[in-house]
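Protein chains in written order, with my numbering: chain X, 234 to 714; chain H, 336 to 428.
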């Protein structure tokens, strides 16, 4: 594939292009892009030292796994000396003095950051419309209404749009309830959310700490595996970071399946879906049928409760995490006569509508008299959701679902928050259970827009998950459509 | 479901909602709380709350001091500072 990391590395090794020329090529394209997918682009001068060092390693014949690869980084990862805003007004002047664990690992493996990707404010949104820096436009157009600007999905919408339009080779995103997989699906690329606890949250602006997980948005499953190799490491700075032994996710990714694979398709997920969405599942079944794959119907008992559970737990955690933004130590301070006035003014003027709404929901469900009825009850239902997945994984290797219930919609079309929240119906349950999920592009809708399918794996089984996704990717052949 | 006291909730969240937006947020909150109310129908009397999905993975490091930044680093983003301190309006008379 033309823009895959391995293809680009081959060109760099074969001296068809230099690291500097590669950077220039992506930078120039990003600079002239109209999608608003970057909050900040890094001029070559800032990266010149890394570019030269990377070039030297190619010349010496010992390049690192991601050497010279221009990456986008969701503007939620703290990057040392580089402005990090979470797409919020309240952090619009914040320059971290430390590097997040994930971005440090990406730098250690030779990649070069081209810029910080736009996202929903504090990663709260499913359309990238809540960003303080304005909405991101999906590079895809509805062929029947080509004048409409469409959303890229969210919250990692800038990341997805940038990869889809080719202004970075891959991007690092985060996923709390679908924020990697959903925009990947709406932009026709690959998005992987690893098992909760795989990739350290240290240095990522926190949204909901029991759900947040970093992962790559890429052009191919192979690229996702390569990046996962760099970032999937134990970290003592994140107390929920798992210390299990990691595998080489790239090695053997295209090997033939040596045993029969059983994939469950949740019939309750497919009730009332459009023909376009249904055909993604049917096409995947057909494509994998010849590969020793058996499909069975499975049924969840908890699907109808997943969104409610999520929209209690995530705002509750957010209201607690966002209590730190008070205008005192960092971020934008609004003036006030008293200390209390500074807190109130900085927070009220610093947060946008959706973030304010979620802080209020969180404060409500955690408040005296409501804590047990909402927050504690949601935590209990979360266990039932997890158990429900485990019951199904006793019988199957993977679960296959659509990634989203619809194609990319028009910017400004969904004004009601609940109809927006329903966009994450297929991704939220996986997040609540903490399981790994990957979205790959599977086909086009009747309007010519990309649609995706999601494979869900069991805990820490990313290697198997990437193998089945790579096989489906090859068979569905989306990029050649 | 009881009425939502938006003034109390915004006070708890340290937010001062503009008067003209109070109703907007109150209605929005009411809709969402009504929407999530279906959880009350589930019997969870025998279920423990789930705090961390990968319950067995919590790892704890030795409590060793590592110096990773200076006072100046920490204060570099301060909206206002005085010597080595964050500066705020006087709180004690």
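No residue lacks a Cβ here, since even glycine has one placed at the ideal position from N, Cα and C.
The bridge partners DSSP lists for residue 673(X) are 686(X).
Note on the segment 313 to 366 of chain X: whole alpha helix (DSSP H) runs with a minimum of 4 residues are 334 to 341, in chain order.
Excluding five sequence positions before and after residue 592(X), the CB atoms of its chain that fall closer than 8 Å to its own CB belong to 548, 551, 552, 555 and 584, given in chain order. At a beta-carbon threshold of 8 Å, the residues of chain X lying near residue 404(H) are 330 and 331, ordered along the chain.
For residue 491(X) and residue 252(X), the gap between their C-alpha atoms comes out near 39 Å. Shortest Cα-Cα distance from residue 371(H) to any of 637(X), 610(X) and 638(X) involves 610(X). Between residue 613(X) and residue 382(H), the CB-CB gap stays under 9 Å.
Taken in chain order, the complete beta strand (DSSP E) segments of 3 residues or longer contained in the segment 452 to 522 of chain X are 494 to 499. Contact annotation for residue 348(H) against chain X: 552, 592, 593 and 596 [CB-CB distance below 7 Å, chain order]. Around residue 419(H), no beta-carbon contact reaches into chain X at under 8 Å, the shortest distance being about 13 Å. When beta bridges are read from the DSSP output, residue 423(X) appears opposite 451(X). Between residue 405(X) and residue 426(H), the alpha-carbon positions lie close to 43 Å from each other. Annotation for residue 652(X): the continuous alpha helix (DSSP H) segment containing it runs 650 to 654. From the listed residues 621(X), 640(X), 526(X) and 681(X), the smallest Cα separation to residue 666(X) is found for 621(X).
Contacts with chain H (Cβ-Cβ distance below 9 Å) from the segment 564 to 575 of chain X involve 564, 565, 566, 569, 570, 571, 572, 573, 574 and 575, listed in chain order.
Sequence-distant Cβ neighbours of residue 470(X) in its own chain, meaning closer than 7 Å and more than five residues away, are 334, 433 and 435.
Assignment of residue 388(H) by DSSP, reduced to helix, strand and coil, places it in the coil class.
Linking residue 391(X) to residue 385(X) through their CA atoms gives a straight-line distance of about 7 Å. Distance from the CA of residue 457(X) to the CA of residue 477(X), rounded to the nearest whole angstrom, comes to 20 Å. For residue 343(H), the secondary structure class from DSSP, reduced to helix, strand or coil, is helix.
Contact note: residue 398(H) does not reach chain X at a C-beta cutoff of 8 Å; the least C-beta distance is about 11 Å.
CA-to-CA, the gap between residue 512(X) and residue 654(X) works out to about 24 Å. Within the segment 421 to 442 of chain X, contact with chain H at the beta-carbon level (separation under 8 Å) is assigned to 428, 429 and 430. Taking the Cα positions, residue 690(X) is about 6 Å away from residue 698(X).
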